[in-house]
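Single-structure report; data block below.
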Amino acid sequence: MKAHPWFFRLSLLTTAVTLCVVVLGAWVRLTDAGLGCPDWPGCYGQWDVPNTPDAIAAANEAFPDTPVHIGKGWREMVHRYLAGILGLMILALGIFGWRQRHRPGQPWRVPLFLVALVTFQAILGAWTVTWQLKPAVVTAHLLGGLTTLSLLWWVTLRCNYLGGTGRLAGNAGLGGLIGVAVLVTVGQITLGGWTSTNYAALACNEFPACSLGEYWPERADFSEGFVLWRGLGVNYEFGVLDHPARMAIHLVHRVGAILVTLVLGFLAWRLWRAGGIGHALGIAVGLALTLQLAIGIGNVVYSLPLALAVAHNAGAAVLLLVLVTVIHVNRPLAET
0 MKAHPWFFRL
10 SLLTTAVTLC
20 VVVLGAWVRL
30 TDAGLGCPDW
40 PGCYGQWDVP
50 NTPDAIAAAN
60 EAFPDTPVHI
70 GKGWREMVHR
80 YLAGILGLMI
90 LALGIFGWRQ
100 RHRPGQPWRV
110 PLFLVALVTF
120 QAILGAWTVT
130 WQLKPAVVTA
140 HLLGGLTTLS
150 LLWWVTLRCN
160 YLGGTGRLAG
170 NAGLGGLIGV
180 AVLVTVGQIT
190 LGGWTSTNYA
200 ALACNEFPAC
210 SLGEYWPERA
220 DFSEGFVLWR
230 GLGVNYEFGV
240 LDHPARMAIH
250 LVHRVGAILV
260 TLVLGFLAWR
270 LWRAGGIGHA
280 LGIAVGLALT
290 LQLAIGIGNV
300 VYSLPLALAV
310 AHNAGAAVLL
320 LVLVTVIHVN
330 RPLAET
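Numbering (numbering that gives the first Met the number 0), first residue to last: 0 to 335.
Right under this line is the structure:
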């Protein structure tokens with residue numbers, strides 16, 4: 000049983016566009032362009048970025064606390080435009096799936112859910128700007144984008160044009176292990192988002208030690224580092240936490256990396272031992288994990304170069320896509 004071929008093509012294209020939006024969003028955040036347009040959905044009250052002397056003067060007068068930066072403004076608006084196109088594509092996918100719902104093997108429930116999810120994502124995008132990069136909102140926006148990407152890839156795989164379903168050989172307990180792997184990976188991505196949005200990526204500037212040769216500095220302030228809500232009316236650009244709080248966030252992210260390495264490393268080994276397609280999936284999990292760890296270490300050692308920082312976000316997305324593929328392979332289509 001296969002989905003409509005044009006639904007599959009649209010789903011695959013939408014997945015690719017979503018990956019671009021996720022990576023572009025990371026680039027916007029890491030180049031400090033998240034408030035390149037201080038209002039939403041426009042930019043200084045326009046549908047493009049003010050770029051004439053009169054328009055810039057008027058924008059600066061209307062928004063005196065956020066003077067126009069044309070480069071940052073365009074980075075933010077390009078991200079919004081692409082996200083808007085993505086929203087329309089997901090809406091088309093949902094409508095297409097609903098109209099073909101009586102076709103055997105046609106996904107439609109998840110596509111409809113994705114329409115609701117991308118609508119909420121738009122709301123989070125607006126709050127990201129109007130609440131001035133509040134870490135809880137920006138982290139939720141990141142998780143929403145990665146959830147959208149993962150579900151779209153799941154829908155694409157379940158269209159049954161790429162093959163690869165059926166229980167893996169020797170998979171006793173493998174379903175539970177896959178579930179744990181997904182949970183710890185999502186938890187680590189959440190910690191990564193919290194680290195980034197609180198500007199704590201370089202709070203520990205050494206590796207494997209944290210700072211000044213210490214592996215677990217006593218001055219790290221965990222109670223302050225994980226306050227989720229600090230009210231509104233605060234501009235969080237460049238962070239509001241002191242160094243001990245940022246250090247605590249970074250340390251917990253490192254502990255999470257150790258846990259993810261252990262769990263996903265074990266999963267990769269179990270998949271590799273299963274043979275067949277499991278062998279290839281085990282290698283994919285191992286490679287994605289190794290690459291992500293190397294990029295994370297490189298970000299500390301080389302003081303967060305932009306290319307590596309963006310690649311770390313892309314690596315998290317790729318790791319999720321690999322895990323979704325593992326779930327798909329281990330779950331026969333008849334169960335959905």
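Just so it is clear, CB atoms sit at the ideal spot from N, CA and C, and this is done for glycine as well.
* Asked: Does the distance from the C-beta atom of T14 to that of L148 stay below 8 Å?
  -> yes
* For W5, which residues from the same chain have a beta carbon less than 8 Å from its beta carbon, with the 5 sequence-adjacent residues on both sides left out? -> F95
* Report yes if the CB atom of V323 is closer than 8 Å to the CB atom of W107, and no otherwise. => no
* To do: Enumerate in chain order the residues of its own chain whose CB-to-CB distance from L307 is below 7 Å, with the five nearest sequence positions on each side excluded.
  => For L307, where only same-chain residues beyond five positions count, the Cβ hits under 7 Å are I294, G297, N298, Y301.
* To do: Have a look at L113 and I89 and give me their C-alpha separation to the nearest angstrom.
  => L113 and I89 have their C-alpha atoms spaced approximately 7 Å apart.
* Select from L182, L85, L11 the residue whose C-alpha is nearest the C-alpha of L337. => With the chain covering only 0 through 335, there is no way to say anything about residue 337.
* Please classify T196: is it buried, with 16 or more other beta-carbons within 10 angstroms of its beta-carbon, or exposed? => buried
* Asked: If you measure from the beta carbon of A293 to each beta carbon in chain C, is any gap under 8 Å?
  -> The displayed structure is made up of one protein chain only, and chain C is not part of it.
* **Residue from L305, G274, G255, R272 whose Cα sits closest to the Cα of L288** => G255
* Tell me whether the beta-carbon of L240 lies closer than 8 Å to the beta-carbon of C203. => no
* Under three-state DSSP, which class holds Q187? -> helix
* DSSP-derived helix/strand/coil call for E334 -> Confidence in E334 is poor, its pLDDT being 41 and thus under 50, which makes the residue's placement unreliable; the coordinate value appears in the next sentence. If DSSP states are grouped into helix, strand and coil, E334 belongs with the helices.
* Mapping DSSP to helix, strand and coil, what is M0? -> Shown here, M0 sits in coil according to DSSP, grouped into three states, outside any helix or strand.
* Considering K71, what are the terminal residues of the alpha helix (DSSP H) in which it resides? -> Note, K71: alpha helix (DSSP H), 69-98.
* Out of curiosity, what's the CA-to-CA distance linking E205 and T194? -> 16 Å
* Using a Cβ-Cβ cut-off of 8 Å (strictly less than) and excluding sequence neighbours within five positions of P103, which residues of its own chain qualify? -> Close CB contacts of P103 within its chain, under the 8 Å cut and outside five residues either way in sequence, are with M0 (chain order).
* To do: Decide yes or no for the touch test of the segment 225-243 against the segment 271-289: beta carbon pairs closer than 8 Å, at least 3 of them.
  => no
* Asked: Quick one: what's C42 bridged to in DSSP?
  -> According to DSSP, C42 bridges with Q45.
* Looking at L266 and G277, is the spacing between their C-beta atoms short of 8 Å? -> no
* Asked: Along the chain, where does the alpha helix (DSSP H) that runs through W130 open and close?
  -> Neither: W130 is in no alpha helix (DSSP H) and is coded neither H nor E.
* Excluding the five sequence neighbours on either side, which residues of its own chain have a C-beta within less than 8 Å of the C-beta of H3, listed in chain order? -> Here H3 has F95, Q99, R102, Q105 as same chain residues with Cβ atoms under 8 Å from its own Cβ, once five neighbours each way along the sequence are excluded.
* P134, buried or exposed, once every other Cβ within 10 Å from all chains shown has been counted against 16 -> buried
* Asked: Is there contact between the segment 45-54 and the segment 120-139, where contact requires at least three CB pairs shorter than 8 Å?
  -> no
* Asked: Where does S10 land, buried or exposed, given buried means 16+ other C-beta within 10 angstroms?
  -> buried
* Asked: What is the rounded straight-line gap between the Cα of V233 and the Cα of Q131?
  -> Going by the C-alpha atoms only, they are around 7 Å apart.
* Asked: Who pairs with E213 in a beta bridge, going by DSSP?
  -> S210
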